[in-house]
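For reference, the structure is listed below as structure tokens.
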Amino acid sequence: MSRSKAVWGMDLGSREVKIVLMGEGREIRQMESYETIAFYRRCRQIEPGGGLRIEDESIGPAKNLGYPVVTTGYGRNSLCFENSYQIPEIMAHALGACYLSGLSDFILVDIGGQDSKVALVEQGKVSDFVMNDKCAASSGRYLENMARVLGVSLEELGRYAENPVELDSTCAIFGESELIGKLVEGASLSSLCAGVNFSVFRRLAPMLNQFSGQVILLSGGVSRNAAIQQIIRENCKPKQVVVLPHSQFVGAIGCAYWYLLR
Numbered sequence: 023m024s025r026s027k028a029v030w031g032m033d034l035g036s037r038e039v040k041i042v043l044m045g046e047g048r049e050i051r052q053m054e055s056y057e058t059i060a061f062y063r064r065c066r067q068i069e070p071g072g073g074l075r076i077e078d079e080s081i082g083p084a085k086n087l088g089y090p091v092v093t094t095g096y097g098r099n100s101l102c103f104e105n106s107y108q109i110p111e112i113m114a115h116a117l118g119a120c121y122l123s124g125l126s127d128f129i130l131v132d133i134g135g136q137d138s139k140v141a142l143v144e145q146g147k148v149s150d151f152v153m154n155d156k157c158a159a160s161s162g163r164y165l166e167n168m169a170r171v172l173g174v175s176l177e178e179l180g181r182y183a184e185n186p187v188e189l190d191s192t193c194a195i196f197g198e199s200e201l202i203g204k205l206v207e208g209a210s211l212s213s214l215c216a217g218v219n220f221s222v223f224r225r226l227a228p229m230l231n232q233f234s235g236q237v238i239l240l241s242g243g244v245s246r247n248a249a250i251q252q253i254i255r256e257n258c259k260p261k262q263v264v265v266l267p268h269s270q271f272v273g274a275i276g277c278a279y280w281y282l283l284r
């Protein structure tokens, strides 16, 4: 890292922007997250087609633009910095998982705000991956919508994994109507919550089944859902299932780590 003692990693997702500052010794110095809309409101256009530059000093990189910035995610090409780099989302998440786990061979499951990804990582590199970005039914947005219909918090939704009501709809929109129908029929709140959680796994399962490996690493905000953790563990035996620390920051961490590995 010539002339630089730190690097910013930024994962500009559809729901949240995650920012990490990593020192040259590969230590994490700072982690911050912002709702995506709020983040972009704090940015301004430099010139037509010229990208965005952070304007509000309460957002990390504005405090010291002398550090390199590495971005990934949906908005990775939207920010404009003199010393900036962009890397693919799958690469960023795989590198972040390697950094956080110390492993180089694993299956990575990332469930984000609007999509889900499963990647096979071998010797620290992505050898294959599959992605569901066509439907929100296996994403955090789906869980948020279903929690709203049920009148529970995401934390409470994540407590239930037993005796799930079967939800047949493969569409997040129609799934809401189906859930309301089950409520009218008298299904218990716990079984409905469990059904929502199991339906997320049901959409992940075909992607998981494409890869063989001994360890599954979970990243993304949905990885903090205890019920989904339990369902994956029970249905993926004998594989070891590990929730990565700082799981929502994996992509941003991977961005910074990529720069240090150059």
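Position in the sequence shown (first residue = 1) + 22 = our numbering. Here a beta-carbon is modelled for each residue, glycine too, at the ideal position from N, C-alpha and C. None of the values given here were measured: they were computed from a predicted structure.
For Glu-57 and Arg-63, the rounded distance between their alpha carbons
Position 41 of the sequence shown, counted from the first residue, corresponds to residue 63. Position 35 of the sequence shown, counted from the first residue, corresponds to residue 57. As the crow flies, the alpha-carbon of Arg-63 is around 10 Å from that of Glu-57.
Which term fits Gln-262, buried or exposed, when burial requires 16 or more other beta carbons within 10 angstroms of its beta carbon?
As a first step, residue 262 is located in the sequence shown; it is residue number 240 there, counting from the start. Here Gln-262 is exposed: its Cβ has fewer than 16 other Cβ atoms, across all protein chains shown, within 10 Å.
Using C-beta distances below 8 Å, list every residue in its chain close to Tyr-121, excluding the 5 sequence neighbours before and after it, in chain order.
Translated into positions along the sequence shown, residue 121 becomes position 99. Taken in chain order, the residues that qualify are Arg-48, Ile-275, Gly-276, Tyr-279.
So which of Asn-167, Arg-255, Ile-238 has the shortest CA-CA distance to Val-218?
Counting from 1 along the sequence shown, the entry for residue 218 is found at position 196. Measuring from the Cα of Val-218, the nearest candidate turns out to be Asn-167.
Span of the beta strand (DSSP E) around Val-140:
Counting from 1 along the sequence shown, the entry for residue 140 is found at position 118. Looking at the DSSP string, the run of the beta strand (DSSP E) that includes Val-140 is 138-144.
Span separating the alpha-carbon of Glu-177 from that of Ser-212
In the sequence shown, residue 177 corresponds to position 155, counting from 1. In the sequence shown, residue 212 corresponds to position 190, counting from 1. Cα to Cα, Glu-177 sits roughly 13 Å from Ser-212.
Report yes or no: do three or more beta-carbon pairs, one from the stretch 230-237 and one from the stretch 126-133, lie closer than 8 Å?
Segments in contact, yes.
Are any of the Cβ atoms in chain D nearer than 7 Å to that of Phe-223?
The structure shown contains no chain D; it holds only a single protein chain.
Element boundaries [alpha helix (DSSP H), containing Ile-253]:
Your numbering for residue 253 matches position 231 in the sequence shown. It spans 248-257 - the alpha helix (DSSP H) in which Ile-253 sits, taken as one unbroken run.
Run of the beta strand (DSSP E) containing Ile-41, from where it starts to where it stops
The residue given as residue 41 occupies position 19 in the sequence shown. 38-45 is the span of the beta strand (DSSP E), which, as asked, contains Ile-41.
Nonlocal neighbours in the same chain, by C-beta distance under 7 Å from Tyr-96, ignoring five residues either side:
The residue labelled residue 96 in the question sits at position 74 within the sequence shown. Excluding the 5 residues flanking it on each side, Tyr-96 has same chain C-beta neighbours closer than 7 Å at Leu-34, Gly-35, Ser-36, in chain order.
For the alpha helix (DSSP H) containing Tyr-182, list its first residue and its last residue.
By 1-based counting over the sequence shown, the position of residue 182 is 160. Careful: Tyr-182 lies outside any alpha helix (DSSP H) and carries neither H nor E.
Under the rule that 16 or more other beta-carbon atoms within 10 Å means buried, what is Asp-150, buried or exposed?
Stepping through the sequence shown from its first residue, residue 150 is reached at position 128. Asp-150 is exposed by the Cβ-count criterion.
For Val-42 and Thr-53, the rounded distance between their alpha carbons
Walking along the sequence shown from the start, residue 53 turns up at place 31. Walking along the sequence shown from the start, residue 42 turns up at place 20. A small correction: the amino acid at residue 53 is Met; Thr does not occupy that position in the sequence shown. In a straight line, the C-alpha of Met-53 is about 5 Å away from that of Val-42.
Rounded to the nearest angstrom, how far is the Cβ of Ser-138 from that of Leu-201, given a contact under 8 Å?
Within the sequence shown, numbered from 1, the residue matching residue 138 stands at position 116. Within the sequence shown, numbered from 1, the residue matching residue 201 stands at position 179. Not confirmed; about 20 Å, so no contact.
Where Tyr-96 sits in the DSSP three-state scheme
What you label residue 96 is simply residue 74 of the sequence shown in a count that begins at 1. Correct three-state label for Tyr-96: coil.
In three-state DSSP terms, what is Glu-188?
Numbered from 1 along the sequence shown, position 166 holds the residue referred to as residue 188. Coil at Glu-188, not helix or strand.
Kindly indicate which three-state DSSP category Asn-105 falls into: helix, strand or coil?
On the sequence shown, position 83 is the one that residue 105 refers to. Here Asn-105 sits in coil by DSSP.
Cut-off 6 Å between Cβ atoms - residues of its own chain near Val-264, not counting five sequence neighbours on either side:
Numbered from its first residue, the sequence shown carries residue 264 at position 242. Excluding residues up to 5 positions away in sequence, Leu-239 lie with their Cβ nearer than 6 Å to the Cβ of Val-264 in the same chain.
Pick out whichever of Gly-203, Asn-185, Met-153 has its Cα sitting closest to the Cα of Leu-172.
Taking the sequence shown and counting its residues from 1, the one referred to as residue 172 is at position 150. Ranking Gly-203, Asn-185, Met-153 by Cα distance to Leu-172 puts Gly-203 first.
Residue burial classification, Gln-252 (beta-carbon count within 10 angstroms, cutoff 16)
Here residue 252 is taken as the residue at index 230 of the sequence shown, counted from 1. Classification of Gln-252: buried, given that the 10 Å Cβ count is 16 or more.
Is DSSP giving Ser-239 helix, strand or coil here?
Here residue 239 refers to the residue found at position 217 of the sequence shown. Residue identity check: residue 239 is Leu in the sequence provided, not Ser. Leu-239 sits in a strand when the DSSP states are folded into three classes.
Alpha carbon to alpha carbon, how far is Ala-60 from Arg-170?
Within the sequence shown, residue 60 is the residue found at index 38, counting from 1. Within the sequence shown, residue 170 is the residue found at index 148, counting from 1. Here the C-alpha atom of Ala-60 lies approximately 22 Å from the C-alpha atom of Arg-170.
With DSSP as the reference, label Ser-149 as helix, strand or coil.
Numbered from 1 along the sequence shown, position 127 holds the residue referred to as residue 149. Here Ser-149 carries a strand assignment [DSSP, helix/strand/coil].
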